[in-house]
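Trainee:
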Amino acid sequence: MMDKKNEEDGSGNPFSNLEKTSVLQEARTFNETPVNPRKCIHILSKILYMLNQGEQLGSTEATEAFFAMTKLFQSKDVTLRRLVYLGIKELAGVADDVIIVTSSLTKDMTGKEDLYRAAAIRALCCITDTTMLQAIERYMKQAIVDRSVEASAAPQLVSALHLMRSSPDVVKRWSNEAQEALNSDNVMVQYHALGLLYNIKKSDRLAVTKLVAKLTRSAPRSPYAVCMLIRTACKLMEEEDAGTESPLFDFVDSCLRHKSEMVVYEAAHAIVNMPRTSPRELAPAVSVLQLFLSSPKPTLRFAAVRTLNQVAMTHPAVVTACNLDLESLISDVNRSIATLAITTLLKTGAESSVDRLMKQISSFVNEISDEFKIVVVQAIKALCLKFPRKHGVLMNFLSSMLRDEGGLEYKASIADTIITIIEENPEAKEAGLSHLCEFIEDCEHTSLAVRILHLLGREGPKTKQPSKYIRFIYNRVILESAARCQMDSDDEVRDRATYYYNILDQQQAALNNQYILNSLQVSLVGLEKALQAYSQGPADQPFDLRSVPVAEAAPTDSRAAAPEGSIASSRKPEEKVTATRQDVFAEQLSKIPEFQQLGPLFKSSQPVELTESETEYVVQCIKHVFAHHVVLQFDCKNTLNDQLLEDVTVQLEAADGFEVVATLPCARLEYNVTNTCYTLIKLPDDLMATVGSCGATLRYVVKDCDPATGLPDTDEGYEDEYLLEEVELTVADHVQRVLKANFGAAWDEIGDQNELEDTYALSAMKTLEQAVKQISQFMGMQACERSDKVPDGKSSHTLLLSGVYRGGAEVLVRARLALSDGVTMQLTVRSTDPAVSEVIASAVG
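Anchor point for the sequence shown: position 701 equals 701 in the UniProt record's numbering, and the numbering is continuous, going up by one each time.
1) Pull up the DSSP beta-bridge partners for residue 681, would you.
2) Using 8 Å as the cut-off, can you tell me whether the region 648-666 makes contact with the region 692-703, which would need three or more C-beta pairs spanning the two stretches below that distance?
3) In the structure shown, what three-state DSSP assignment does residue 719 receive?
4) DSSP state of residue 742, grouped into three classes?
5) Residues in its own chain within less than 8 Å of residue 132 by CB, not counting five upstream and five downstream?
6) For the putative contact between residue 293 and residue 322, defined by C-beta atoms under 8 Å, what is the C-beta separation to the nearest angstrom?
7) Counting beta carbon pairs with one atom in the region 706-714 and one in the region 766-777, are three or more of them shorter than 8 Å?
8) Quick one: Cα of residue 56 to Cα of residue 604, how far?
9) Going by beta-carbon coordinates alone, are residue 419 and residue 428 separated by less than 7 Å?
10) Just the C-alpha distance for residue 110 and residue 375, rounded to the nearest angstrom, thanks.
11) I'd like to know whether the C-beta atoms of residue 445 and residue 398 end up nearer to each other than 7 Å.
12) Return the first residue and the last residue of the alpha helix (DSSP H) that residue 510 is part of.
13) Compare the beta carbon distance of residue 781 and residue 731 with 7 Å and say whether it is the shorter of the two.
14) Spatial neighbours of residue 193 within its chain, please: CB distance less than 6 Å, with the 5 preceding and 5 following residues excluded, ordered by chain position.
15) Taking DSSP as the reference, what is the three-state secondary structure of residue 854?
16) Terminal residues of the continuous beta strand (DSSP E) containing residue 812?
17) Out of 87, 270, 83, 54, which one is the CA nearest neighbour of residue 64?
18) Along the alpha helix (DSSP H) that carries residue 704, what are the first and last residues, could you check?
19) Run through DSSP, which three-state label would residue 638 get?
20) So residue 517 is in the alpha helix (DSSP H); what residue range does that whole segment cover?
21) Thinking just about the alpha-carbon of each residue, which of 184, 171, 652, 608 is nearest to the one in residue 198?
22) So, at 8 Å on beta carbons, what are the nonlocal neighbours of residue 41 in its own chain, with the 5 sequence-adjacent residues on each side left out?
23) Where DSSP assigns a beta bridge to residue 421, which residues make up the other side?
24) What number of angstroms, rounded off, separates the C-alpha of residue 187 from the C-alpha of residue 304?
25) Roughly how many angstroms separate the alpha carbons of residue 570 and residue 493, rounded to a whole number?
26) By the three-class DSSP mapping on this structure, what secondary structure does residue 729 have?
27) So for residue 165, helix, strand or coil by DSSP?
28) With a 10 Å radius around its C-beta and 16 neighbouring C-beta atoms as the bar for buried, classify residue 628 as buried or exposed.
29) Cβ of residue 522 within 7 Å of Cβ of residue 583?
30) Is residue 726 closer than 7 Å to residue 693 when the C-beta atoms are compared?
31) Under 8 Å, with one C-beta from each stretch per pair, do the region 633-646 and the region 748-758 reach the 3-pair mark?
32) Kindly indicate which residue of 755, 676, 624 has the alpha-carbon position closest to the one of residue 606.
33) Does the beta-carbon distance from residue 829 to residue 724 come in below 7 Å?
34) Return the chain-ordered list of same chain residues with a C-beta closer than 8 Å to the C-beta of residue 838, the five sequence neighbours on each side being excluded.
35) Which value, in whole angstroms, describes the spacing of the CA atoms of residue 819 and residue 805?
36) In the DSSP assignment, find the alpha helix (DSSP H) that holds residue 290 and state where it starts and stops.
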């Protein structure tokens, strides 16, 4: 009675409390004779409502409902019949033996009732397969060219598009009919016909090009079809890497003057999203979007301001001409339009307008969705980088947004922005950390709180008052379910807490620096293997961490909290530790008997090409460095299909002090199949002599062979050789990059006992950026504390580098650079080994 009353009052949802079992029970009414259309319409509506709300029917349930539904074909009620078609479409993928209604649907498709025909086609295409489709193909073709639009043309074209996924070969035969439908007077038929034609021809680039060329000369009358034509033309231009000189661009540009606003917007949107478009070429499109900003239609205003917002990210100067129109949209009743208008102005406006715009957006920011709040945050991020002096106003605004309600993605975008401001603007660090401290006191997103806590642990010690951050970290820790970390339910939390507690309890600055501030620089996979080997052997000596391969630092990232393999890294417990490239090489080399006694692998270089890529033999070298040896891995490929190479080796003319210990040949080198040979070199004991070049020659036995089969013409071959580029061993080959999160602590810990200092004139280098890049690469060391980024306009800079030399000796470099006629460098090197200090210091000279 209550549901009936709500339905009569027009309030509430009459289907809100449906139960699947009772509704399916009601469906038995479909079997009654005669059919009661009004009652069946109501029950069928319930079934369709449930399915569209995500209710799942089992195969048996769906089949029973489906077959009961087919009994309704005996009714002539138009509304009921169209609901039956919808029911068939919804249940076709779940029910069994749905093919049984094919004859009924075919009858409706070919009958005289126009209102039945279109829906029958849609339902039939949902249950048909390739075999059945061929049987009714004639009717399908007729439907495409049917002049009665209400009957079948448009829905059949849409159905054909869906059938392309299951029966592409059959649908491709309908190309002529689709071409005829393209000349229809109906705008939707033209649109769908073009879509079908494109999908039929899209695998044939020439056919698509001809279709687009023909239609651009005489564009369809349908604005929908023209929009699709614009998109297809842009896709062709992108695939062909054609610029604005292309005739297709002229067509898109001409659409800016089309009588349909839809087409005009599509053309403008396409132009502003084309790569390598100049401001001059963007100007007409921006002018059109500017006109739309004052349109009485909210949809046009929204589309225009959203597109201009995107353009402002890459070409803010072009959008500046629209600032007055954008100002008028700040008070738009549609808050989404107002938000986009303000964020666009933030990207294009002057520094003096920032305060006013932030005040205006703060008046309604709480009324917009998280999606548009994120747009605001991104605009503020760009603004902070553009106007660093405004960081105070902008971060205060971000802090207020952090305190508002919002989801994880929204809050994470704010935190990301504050972190970026902190990293890019040293003056903003203290304020930014304070805002983040306040946020984590009641942060409900654990992953975000952990990230900020890690940031506080990394940046807090570098501030003027590090102690003030301890309170925030401690408060957050005791808010968790376990009051003491060593009793936490998470085993990783307990392990970390025990680890840090025992280090701090020693009260030794060196231990704190090495194991907390800078952490362990080891490969986790290598550490696991080394510990397993140690536990299985005699334990007369303590475990030596120097026996564990060093983990190379990841590429420089300002947000890297701890290097890979670090005990202090923020890896989640459920994440699998994957083997690095070096771990894979170590595993491969350990299986070769000649290399099993070399000890842990220290470093594997990137491949170095020893031949040109288009030569008959292609060889590249990977240098695997051990404590006292180098394994040279030569990956060889034979590009001649009429030759088979056997007993392939690379013979070296070793530099002074280097000793070739073993050469491992590659047995066969077939056409276009890469294979590997090795050379083992013992390094000299004198570190100063470990840099040099070795001449290299590829030697092999050649057998002529049949290009078709690859089989040799004879068992006998002849010896030959091929000269390769020299193999160079550089300083960087002996150094592994490691990241020091706190360079100052590491510098003080090593001390000045083995310090060397000298001054160099780097006349070949013309910029500080060039000097930083080349010095880092030449020494093979990792830039720390973002010192690889040279601030704009600076004439001096300090580069901080960290690494581990072969054998386990730590080495740090401080290079003070000054720009004059070239670059002058004051180089200071510290290492735990005096010989390593000497090698690194002399490397530049």
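We put the beta carbon where it would ideally sit given N, CA and C, even for glycine.
Mentor: Straight from the coordinates:
1) In DSSP, residue 681 forms a bridge with 630, 660.
2) The answer is yes - the region 692-703 touches the region 648-666, with three or more Cβ pairs under 8 Å.
3) Look at residue 719 here: in three-state DSSP terms it is strand.
4) Coil at residue 742, not helix or strand.
5) Same-chain partners within the cutoff: 99, 102.
6) About 7 Å separates the two Cβ atoms, so the contact holds.
7) No: fewer than three Cβ pairs fall under 8 Å.
8) Note on geometry: alpha-carbon atoms of residue 56 and residue 604 lie some 54 Å from one another.
9) Not a contact, by the Cβ cut-off of 7 Å.
10) One alpha carbon belongs to residue 110, the other to residue 375, and they sit about 53 Å apart.
11) Their beta carbons are not under 7 Å apart, which means residue 445 does not touch residue 398 by this criterion.
12) Counted as a single uninterrupted DSSP element, the alpha helix (DSSP H) harbouring residue 510 occupies residues 509-512.
13) No, the pair does not count as a contact, with Cβ atoms beyond the cut-off.
14) Listed in chain order, the non-local C-beta contacts of residue 193 below 6 Å within the same chain comprise 157, 178, 181, 182, local neighbours out to five positions each way being set aside.
15) The structure shown has nothing for residue 854, since the chain only spans 1 to 845.
16) Its beta strand (DSSP E) spans residues 809-819.
17) Taking only the C-alpha atoms, the option nearest residue 64 is 87.
18) Taken as a continuous stretch (DSSP letters only), residue 704 belongs to no alpha helix (DSSP H), being part of the beta strand (DSSP E) at 692-704.
19) DSSP places residue 638 in the strand class (E or B) of the three-state scheme.
20) Annotation: residue 517 is outside any alpha helix (DSSP H) and is labelled neither H nor E by DSSP.
21) Nearest C-alpha to residue 198: 171.
22) Excluding sequence neighbours, residue 41 sits near 77, 79, 80, 83.
23) None, per the DSSP bridge assignment.
24) Cα-Cα distance, rounded: 24 Å.
25) No answer about residue 570 holds up, because its pLDDT of 40 lies below 50 and its placement is not dependable.
26) Three-state DSSP puts residue 729 in a strand.
27) Residue state, collapsed to three classes: coil.
28) Residue 628 comes out exposed.
29) No, they are not a contact pair.
30) Contact flag set, yes.
31) Verdict: no, contact absent.
32) Measuring from the Cα of residue 606, the nearest candidate turns out to be 624.
33) 7 Å or more divides the Cβ of residue 829 from the Cβ of residue 724.
34) Non-local beta-carbon contacts of residue 838 in its own chain, meaning distances under 8 Å to residues more than five positions away in sequence, involve 687, 688, 756 in chain order.
35) In this structure, the CA atom of residue 819 is about 30 Å from the CA atom of residue 805.
36) Run containing residue 290: 279-292, per the alpha helix (DSSP H) assignment.
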